[in-house]
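Q:
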Amino acid sequence: MNPMAEKLLIIRARGYLPDDTRWRGFRVDEDYCVIVTPEGRRFSPNELMDWATRADEYHALKRMYELDYVPIRTKVITPLPFRGGRRISAPMSDTVSKDTKKQYRHAQKKHDEKKRRNQAP
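Going by this note's numbering, the first residue of the sequence shown is number -4, and it counts up by one from there.
(1) Would you mind sorting isoleucine 30 into buried or exposed? The rule is 16 or more other CB atoms within 10 Å of its CB.
(2) What is the residue span of the alpha helix (DSSP H) that arginine 100 lies within?
(3) Measure the alpha-carbon distance for glutamine 114 versus aspartate 107 and round it to whole angstroms.
(4) Tell me whether leucine 56 is buried or exposed, calling it buried when 16 or more other Cβ atoms sit within 10 Å of its Cβ.
(5) Distance check for arginine 17 and arginine 100, CA to CA, integer angstroms please.
(6) From the DSSP output, in three-state form, read off aspartate 24 for me.
(7) Going by DSSP, name the residue or residues bridged to arginine 37.
(8) Are lysine 6 and valine 23 close, meaning C-beta to C-beta below 8 angstroms?
(9) When the Cα atoms are used, what is the spatial distance from threonine 32 to arginine 111?
(10) Relative to the C-alpha of glycine 20, which candidate in Met59, Gly35 and Arg58 has its C-alpha closest?
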């Protein structure tokens, strides 16, 4: 038996996915033995095993060759399931949207310009 399929069946036998904000909305389809994402995407066990390999191949290509479009992603800190001995009731934020990032950059640019003007004699 495929080890990932076995793990999915063990997860299903436990009755739930890990109680963590990062797993909210995911479910296991027992009939097809797949994990279903909140968006409805189905990951088969073989696809899950190859997922990391594909991501590594992409980053290797990015390092070796100049790709036309390389998505730039900022580091997002994933919230932990526990803080201060209490369980988090809801995630504070999944990710920061592009519009919010633009607003942050614009505000930072204005702040830097103001700082430069105040320092100049």
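Glycine residues also receive a C-beta, built at the ideal position from the N, C-alpha and C atoms.
A: Reading it off the structure:
(1) buried
(2) 93 to 114
(3) 11 angstroms
(4) exposed
(5) 27 angstroms
(6) strand
(7) Val31
(8) According to the sequence shown, residue 6 is isoleucine rather than lysine. Result yes, Cβ atoms of isoleucine 6 and valine 23 sit closer than 8 angstroms.
(9) 48 angstroms
(10) Gly35
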